[in-house]
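Numbering (mature numbering (1 follows the signal peptide of the UniProt record, and there is no 0)), first residue to last: -17 to -1, 1 to 312.
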């Protein structure tokens, strides 16, 4: 077991930190526990973590200066909203998937279609018992992907069938990701803060995906739109997010060149911008139409006719890294 832990530590890439730029500051006193963030081209969309204050249990739309321009209420009370993602068509998905004590019978995804003022609820259940989860993604196919907060090895789950507003959909475990914990990035929780996934993001063009811990972000190339394959089979490139007080949100900038984060806190919390570790893939150029020269019938030729697969000490890890949120691990 100790050998495996040492391998996880020594085999991890060292994260390098580019200079973080403060984009703007969020001054609204309702936004003190931000756990989800996306960029929508004209500004930002954010959600709070679970809250006893009804005014904080909303989807908040911000302009480019981080000022709230409007909010959308949930039709019923969410339990523990943890992440936010945006599909290519502008659909917003909210992951109501927090479960610190692993006691929920089901979790919820809220879908807000473009132009809608009322999120729609979809209920899901894990096939292998409750999990705490704080990362939500959506791939090119528009299907939501949940990544759990299990220490050291994060589970990756997708709906096993179409989502139903009038019923419960079973999730399917599609794979896992062994978290590189040996990056050495400073954070309030030490090695424990590097051992759990707290957020995720997909680039606007869908060709990169990122997961974050309390210390680092990890970017993956997504050449075919399959974010699950990218995470479970691809190579992670780290970006250090050092010393964020409670780093749980992650988004790509609208141009895809940077990662955006905002921590929990009061009184002008900064929205930070970090350079992406991966180059922005060039847009595919349209293939020129072939020029076909006219030929006589005699000139025409006759036609001629395819991981760390999972760290074996998960049981001990649960004891070693048993974490509680609300300050928050």
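For each residue, glycine too, the CB sits at the ideal point set by N, CA and C.
- With contacts defined by Cβ atoms closer than 7 angstroms, residue 125 and residue 213 do not form a contacting pair.
- Buried is the label assigned to residue 66, since at least 16 other Cβ atoms lie within 10 Å of its Cβ.
- Taking residue 55 as reference, the option from 29, 49 and 72 with the minimal CA-CA separation is 29.
- Residue 143 has its alpha-carbon roughly 24 angstroms from the corresponding atom of residue 83.
- When DSSP assignments are scanned along the segment 60 to 116, the uninterrupted stretches of beta strand (DSSP E) that are 3 or more residues long and fall wholly within it turn out to be 66 to 69, 75 to 79, 90 to 95 and 103 to 108.
- Under the criterion of beta carbons closer than 8 angstroms, residue 57 and residue 45 do not qualify as touching, at roughly 18 angstroms.
- Of all C-beta pairs linking the segment 158 to 169 to the segment 105 to 120, fewer than three are shorter than 8 angstroms, placing the two stretches out of contact.
- Taking C-alpha positions only, residue 236 is separated from residue 183 by approximately 13 angstroms.
- By the CB criterion at 7 angstroms, residue 180 and residue 132 fall inside the cutoff.
- With distances taken between CA atoms, residue 223 lies nearest to 166 out of 166, 47 and 5.
- Per the coordinates, the alpha-carbon of residue 50 lies some 16 angstroms from the alpha-carbon of residue 243.
- In the same chain as residue 11, and ignoring 5 residues on each side of it, the C-beta atoms closer than 6 angstroms to its own belong to 51, in chain order.
- The segment 175 to 253 is shown to contain whole alpha helix (DSSP H) runs of 4 or more residues at 210 to 216, in chain order.
- Taken through DSSP and simplified to helix, strand or coil, residue 159 comes out as strand.
- The three-state secondary structure of residue 147, taken from DSSP, is coil.
- The C-beta distance from residue 79 to residue 92 rounds to 7 angstroms, short enough to fall under 8 angstroms.
- Between residue 247 and the set 232, 189, 217 and 53, the nearest pair of CA atoms involves 232.
- Taken through DSSP and simplified to helix, strand or coil, residue 122 comes out as coil.
- Here residue 24 is not near residue 123, since their CB atoms are 7 angstroms or more apart.
- Residue 203 places its beta carbon less than 7 angstroms from that of residue 192.
- Around the Cβ of residue 168, a 10 Å sphere holds 16 or more other Cβ atoms; the residue is buried.
- Excluding five sequence positions before and after residue 152, the CB atoms of its chain that fall closer than 8 angstroms to its own CB belong to 105, 106, 107, 108, 142, 143, 144, 145 and 146, given in chain order.
- When secondary structure is reduced to three states using DSSP, residue 8 falls in the strand class.
- Cβ neighbours of residue 263 within its own chain (closer than 7 angstroms, five residues either side excluded): 239 and 240.
- Excluding its 5 nearest sequence neighbours in each direction, residue 205 has C-beta neighbours in its own chain below 7 angstroms: 189, 190, 191, 192 and 213, listed in chain order.
- Restricting attention to 249, 265 and 234, the CA atom closest to the CA of residue 255 is found in 234.
- Rounded to the nearest angstrom, the gap between the Cα atoms of residue 16 and residue 43 is 12 angstroms.
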